[in-house]
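The sequence shown begins at 1 in this note's numbering and counts up one residue at a time. No residue lacks a Cβ here, since even glycine has one placed at the ideal position from N, Cα and C.
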Amino acid sequence: MAQQVGSGAAPAASETEPAPGGASGMTQAGPRQNGTKAGRADAGQGAEAEGRPGDIKASRVRGWLRRNPQRAITVTQTQAPNVLAAGPELDLASNDPLVGYLLSAASAVDITSLQLESPALASLKQAGVVLVVPLISSGSLVGMLSLGPRRSERGYSTDDLRLLNSLAGYAAPAMRVGQLVRQQQAEARQRERIDQELKIAQIIQQQFLPKSLPDLPSWHVAAFYRPARTVGGDFYDFIPLPDGRVMFVVGDVTDKGVPAALVMASTHALLRAAAPRLISPGQVLGHVNDMLCVDIPAHMFVTCLALVLDPVSGQIEFANAGHDVPYVRTRHGVRELRARGMPLGLMPGMDYEEKSFQFEPGDCALLHSDGLAEAHAPDREMFGFPRVSELVGKGPSGEALIDLCLTELGNFTGPDHEQEDDITLVSLQRSPSAWHQGDQGVDGR
Numbered sequence: 001m002a003q004q005v006g007s008g009a010a011p012a013a014s015e016t017e018p019a020p021g022g023a024s025g026m027t028q029a030g031p032r033q034n035g036t037k038a039g040r041a042d043a044g045q046g047a048e049a050e051g052r053p054g055d056i057k058a059s060r061v062r063g064w065l066r067r068n069p070q071r072a073i074t075v076t077q078t079q080a081p082n083v084l085a086a087g088p089e090l091d092l093a094s095n096d097p098l099v100g101y102l103l104s105a106a107s108a109v110d111i112t113s114l115q116l117e118s119p120a121l122a123s124l125k126q127a128g129v130v131l132v133v134p135l136i137s138s139g140s141l142v143g144m145l146s147l148g149p150r151r152s153e154r155g156y157s158t159d160d161l162r163l164l165n166s167l168a169g170y171a172a173p174a175m176r177v178g179q180l181v182r183q184q185q186a187e188a189r190q191r192e193r194i195d196q197e198l199k200i201a202q203i204i205q206q207q208f209l210p211k212s213l214p215d216l217p218s219w220h221v222a223a224f225y226r227p228a229r230t231v232g233g234d235f236y237d238f239i240p241l242p243d244g245r246v247m248f249v250v251g252d253v254t255d256k257g258v259p260a261a262l263v264m265a266s267t268h269a270l271l272r273a274a275a276p277r278l279i280s281p282g283q284v285l286g287h288v289n290d291m292l293c294v295d296i297p298a299h300m301f302v303t304c305l306a307l308v309l310d311p312v313s314g315q316i317e318f319a320n321a322g323h324d325v326p327y328v329r330t331r332h333g334v335r336e337l338r339a340r341g342m343p344l345g346l347m348p349g350m351d352y353e354e355k356s357f358q359f360e361p362g363d364c365a366l367l368h369s370d371g372l373a374e375a376h377a378p379d380r381e382m383f384g385f386p387r388v389s390e391l392v393g394k395g396p397s398g399e400a401l402i403d404l405c406l407t408e409l410g411n412f413t414g415p416d417h418e419q420e421d422d423i424t425l426v427s428l429q430r431s432p433s434a435w436h437q438g439d440q441g442v443d444g445r
């Protein structure tokens with residue numbers, strides 16, 4: 001909506017009383033992508049001063065305003081009696097020919113004989129405007145001063161035009177400053193609204209993460225999650241199964257921010273619903289893949305690792321939908337848990353290979369997302385999977401292993417590093433004393 005600045009009387013170049021005039025007003029064109037909004041102002045009086053030689057200096061304009069405060073232009077929306085009613089709102093598009101004409105003229109323009117294929121010009125003429133003074137700041141049209149015919153039926157004098165052009169030179173920068181202030185205020189309100197929505201989204205996303213770690217005898221579980229933005233696309237969960245086993249899932253949605261968080265929430269819900277019913281990690285991933293293919297946005301997919309642990313025997317079954325390969329530290333070295341499978345949401349009807357692995361006492365596994373291995377140093381060197389494997393083989397377990405990974409990552413990327421992707425780390429270790437307990441558990445069945 002344009003701001004209208006009405007005038008009780010147009011200032012003249014001398015101290016004599018101006019003759020009655022026609023409609024006058026100032027309209028502000030706000031900066032818009034598709035055009036600028038302008039409107040016709042309230043009507044007032046014209047001005048004429050006869051026999052004024054020379055140019056009107058800015059200092060004399062300011063002096064006239066000080067000596068005649070009752071005639072100064074004021075911001076108002078009221079209408080004085082016996083004046084022409086304000087016309088309809090004018091939509092002055094940025095590609096309207098009138099804009100280019102006013103910018104090239106850069107001074108008061110009599111539009112009565114002006115012929116342009118311009119909807120704005122037609123609206124101005126229909127509203128009774130005869131004179132338009134463009135308000136130009138930094139090469140842009142920020143508004144216009146529009147005046148109707150003088151009541152004395154005499155045209156605007158040269159001194160009137162000079163005065164109006166001088167006033168436009170002062171009004172345009174002030175109007176532009178006002179536009180920028182309002183624009184900054186609107187942007188600040190928009191940022192505040194977005195920040196508030198992101199905080200709410202963060203709270204909602206945190207509800208999907210496990211409230212506690214699984215309490216498994218002879219096992220130690222630790223987890224860490226840090227999104228690159230307020231909300232992220234990584235997730236992990238521990239899903240209890242009817243037969244006493246537990247399904248560990250770690251996933252990563254392509255992209256970051258709110259879109260990834262929404263897909264993450266959907267994937268998490270599908271996994272939670274399918275795991276207790278299907279139990280098999282390969283079948284669970286196949287079912288979730290088919291469901292995601294129906295509704296997932298284009299160019300998005302989910303990598304996911306599903307691992308079913310029998311806490312008594314230490315036997316695991318796992319399937320992988322394109323996720324980062326887990327590493328297991330054993331007494332024989334570091335092992336990779338590899339299984340073939342396409343990421344979720346790309347193609348329906350996919351089969352996911354299932355593999356098994358036997359955890360021995362003391363073995364420790366690290367399930368991770370690519371936010372760790374694909375982080376970059378200032379020289380763009382990648383942290384890399386070999387470094388992750390080396391850290392797993394160094395000996396720490398549980399929280400100590402996660403702390404070691406984060407410390408080494410911080411040393412590698414440097415203090416000024418901006419996190420590129422979400423980071424999820426889950427450590428799973430079988431207690432070194434579980435050998436005897438495990439034997440008792442198997443024999444007791």
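Touching by the beta-carbon criterion (3+ pairs, under 8 Å), the region 279-297 and the region 234-251: Counting Cβ pairs under 8 Å, three or more are found: they touch.
Nearest-angstrom Cα separation, counted from Val133 out to Pro81: Any reading at Pro81 must be qualified, since the residue scores a pLDDT of 33, below 50, and its modelled position is unreliable; the value itself is stated next. Inter-residue distance for Pro81 and Val133 is about 25 Å (C-alpha atoms, whole angstroms).
Any non-hydrogen atom of the ligand COA within 7 Å of Asp403 CB: Inclusion of the ligand COA in the displayed structure is not the case, the ligand content being empty and no account of it being possible.
With 16 other Cβ atoms within 10 Å as the buried cut-off, status of Val263: That one is buried.
Sub-8 Å separation of Asp252 and Asp370 beta-carbons: One thing to note: Asp252 has its Cβ within 8 Å of the Cβ of Asp370.
Ala223, DSSP secondary structure in three states: Strand, per DSSP.
Chain-order list of residues whose beta-carbon lies under 7 Å from that of Pro242 (same chain, five-residue window excluded): Once the five neighbours on either side are set aside, the close Cβ partners of Pro242 are Pro276.
Three-state class that DSSP yields for Val258 in the structure shown: Residue state, collapsed to three classes: helix.
Contact under 8 Å by Cβ, His368 with Thr330: In this structure, Thr330 does not lie closer than 8 Å to His368 by Cβ.
Cβ-based burial, Leu103 [other Cβ within 10 Å; buried from 16]: With fewer than 16 Cβ atoms within 10 Å of its Cβ, Leu103 is classed as exposed.
Touch test, the region 282-297 against the region 336-345, Cβ-Cβ under 8 Å, three pairs minimum: Contact holds: three or more Cβ-Cβ distances are below 8 Å.
Identified DSSP bridge partners for Leu425: Answer is Phe224, His368, bridged to Leu425.
Buried or exposed by the 16-neighbour rule on C-beta atoms within 10 Å, applied to Asp295: With a 10 Å radius around the Cβ and a threshold of 16 neighbouring Cβ atoms, Asp295 comes out exposed.
Neighbourhood of Gln340 by C-beta, 6 Å cutoff - its chain only, sequence neighbours within 5 removed: In the sequence on display, residue 340 carries Arg and not Gln. Closer than 6 Å at the Cβ level, and outside the excluded window around Arg340, lie Glu353.
Sheet register partners of Lys355 (DSSP bridge): Under DSSP, Lys355 forms a beta bridge with Phe318.
Thr230, DSSP secondary structure in three states: Reduced to three states, the DSSP call for Thr230 is coil.
Val263 - DSSP class collapsed to helix/strand/coil: In the structure shown, the three-state DSSP call for Val263 is helix.
8 Å contact criterion, which Glu317 and Tyr327 should meet: CB distance rounded: Contact annotation, Glu317 with Tyr327: C-beta distance approximately 18 Å; criterion of less than 8 Å not satisfied.
Residue of Phe383, Leu90, Asp195 minimising C-alpha distance to Gly122: The amino acid at residue 122 is misidentified as Gly; the sequence shows Ala. Of Phe383, Leu90, Asp195, the smallest CA-CA separation from Ala122 is found for Leu90.
Nearest neighbour of Lys355, chosen from Ala321, Pro173, Leu167, Pro210 [CA to CA]: When each option's Cα is compared against that of Lys355, the closest is Ala321.
Outcome for Gly139 when other beta-carbon atoms lying within 10 angstroms are tallied against a minimum of 16: By the neighbour-count rule (16 or more Cβ atoms within 10 Å), Gly139 is not buried but exposed.
Test item: CB-CB of Val258 and Leu271 under 8 Å: The answer is no: Cβ separation not under 8 Å.
Among Ile136, Leu141, Leu131, the one whose alpha carbon lies nearest that of Arg150: Nearest Cα to Arg150 within the set Ile136, Leu141, Leu131: Leu131.
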